[in-house]
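Visitor:
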Amino acid sequence: MEDASPATFHPTCRQALGRGLYLGAVVALVAVAAAAVVAPPGWVWAVLASGPPATGALLGLVLGRCTGTEVSAGGIRTRSVFAGDVAPWHRVVDLRAERRGGRTVVSVYLDSGASVQLQAPYDGGLFAADPRFELKMFALSHIWRSNRFGGLPG
Numbered sequence: 012m013e014d015a016s017p018a019t020f021h022p023t024c025r026q027a028l029g030r031g032l033y034l035g036a037v038v039a040l041v042a043v044a045a046a047a048v049v050a051p052p053g054w055v056w057a058v059l060a061s062g063p064p065a066t067g068a069l070l071g072l073v074l075g076r077c078t079g080t081e082v083s084a085g086g087i088r089t090r091s092v093f094a095g096d097v098a099p100w101h102r103v104v105d106l107r108a109e110r111r112g113g114r115t116v117v118s119v120y121l122d123s124g125a126s127v128q129l130q131a132p133y134d135g136g137l138f139a140a141d142p143r144f145e146l147k148m149f150a151l152s153h154i155w156r157s158n159r160f161g162g163l164p165g
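In this note's numbering, the protein residues as written are 12 to 165.
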């Protein structure tokens with residue numbers, strides 16, 4: 012199993028687009044509120060209202076490929092734009108799908124009692140929906156059980 016290529020899970024394009032739009036909309040709200048004090052010309056309002064969501068959507072699509080989860084014979088590695096963490100299989104005691112803030116996420120429980128929320132896969136409403144979440148969760152569970160217990164019966 013050491014020679015097998017790692018399985019990777021990334022946010023779907025829709026999830027990455029949704030996250031970028033959400034962050035861009037928050038930036039647009041702050042920019043419009045700040046501009047209300049200065050009262051700029053009309054064209055500036057249009058740029059402040061539409062520029063950040065459009066930029067956020069593009070950045071979400073590009074940076075969405077940088078985040079995710081990589082599963083290999085060595086363990087589970089989470090990757091994000093700013094950080095990453097590795098949990099070797101011998102430290103993983105449980106893997107669960109849990110509801111957190113309107114989403115269903117995968118949490119990895121370690122022997123130290125700590126839990127790590129994976130960057131992907133996840134499922135939620137609207138843009139956060141992943142129609143293949145259950146299949147991805149099953150694959151993660153199967154890989155974990157195979158590495159933890161030496162394979163599944165049957």
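Note that CB positions come from ideal geometry on N, CA and C, so glycine has one too.
Report the option in Ala-18, Leu-72 and Ser-91 whose CA atom is closest to the CA atom of Gln-130.
Guide: As a working note, residue 130 is residue 119 in the sequence shown. It is Ser-91.
Visitor: Does DSSP put Ala-170 in a helix, a strand or coil?
Guide: The structure shown does not extend to residue 170, since the chain is modelled only from 12 to 165, so the question has no answer here.
Visitor: Within 10 angstroms of the Cβ of Trp-155, are there 16 or more other Cβ atoms? Answer buried if so, exposed if not.
Guide: Counting from 1 along the sequence shown, the entry for residue 155 is found at position 144. The residue in question, Trp-155, is buried, as its Cβ has 16 or more Cβ neighbours within 10 Å.
Visitor: Does Leu-59 pass the burial test, meaning 16 or more other C-beta atoms within 10 Å, or should it be called exposed?
Guide: As a working mapping, residue 59 is identified with position 48 in the sequence shown. By the 10 Å Cβ count, Leu-59 comes out buried.
Visitor: Apply the 10 Å Cβ neighbour rule to Pro-17 and answer buried if 16 or more other Cβ atoms are within range, or exposed otherwise.
Guide: Locating residue 17 in the sequence shown gives position 6, counting from the first residue. With fewer than 16 Cβ atoms within 10 Å of its Cβ, Pro-17 is classed as exposed.
Visitor: Between which residues of its own chain and Val-82 is the CB-CB distance below 7 Å, once the five residues before and five after are set aside?
Guide: Position 71 of the sequence shown, counted from the first residue, corresponds to residue 82. Excluding positions up to five away in sequence, the list reads Pro-17, Ala-18, Leu-151 and Ile-154.
Visitor: Give the single residue among Asp-96, Gly-31 and Ala-125 whose Cα lies nearest to the Cα of Gly-79.
Guide: Stepping through the sequence shown from its first residue, residue 79 is reached at position 68. Here the closest residue by C-alpha is Asp-96.
Visitor: Specify, as a first and last residue, the run of the beta strand (DSSP E) that Pro-132 falls within.
Guide: By one-based count along the sequence shown, residue 132 stands at place 121. That run of the beta strand (DSSP E) goes 126-134.
Visitor: Within the continuous beta strand (DSSP E) that includes Phe-144, where are the two ends?
Guide: Here the question's residue 144 lines up with position 133 in the sequence shown. Per DSSP, Phe-144 belongs to no beta strand (DSSP E); it is in the alpha helix (DSSP H), 144-160.
Visitor: To which residues does DSSP link Val-37 through a beta bridge?
Guide: Numbered from 1 along the sequence shown, position 26 holds the residue referred to as residue 37. Beta-bridge pairing links Val-37 to no other residue.
Visitor: Can you tell me which of the three DSSP states Ala-108 falls into?
Guide: Stepping through the sequence shown from its first residue, residue 108 is reached at position 97. Residue state, collapsed to three classes: strand.
Visitor: Check whether the Cβ atoms of Gly-35 and Thr-66 sit closer than 9 Å, and answer yes or no.
Guide: Your numbering for residue 35 matches position 24 in the sequence shown. Your numbering for residue 66 matches position 55 in the sequence shown. In contact: Gly-35 and Thr-66 (Cβ atoms closer than 9 Å).
Visitor: For Gly-136 and Gly-112, I'd like the C-alpha separation in whole angstroms.
Guide: In the sequence shown, residue 136 corresponds to position 125, counting from 1. In the sequence shown, residue 112 corresponds to position 101, counting from 1. Whole-angstrom Cα-Cα distance: 11 Å.
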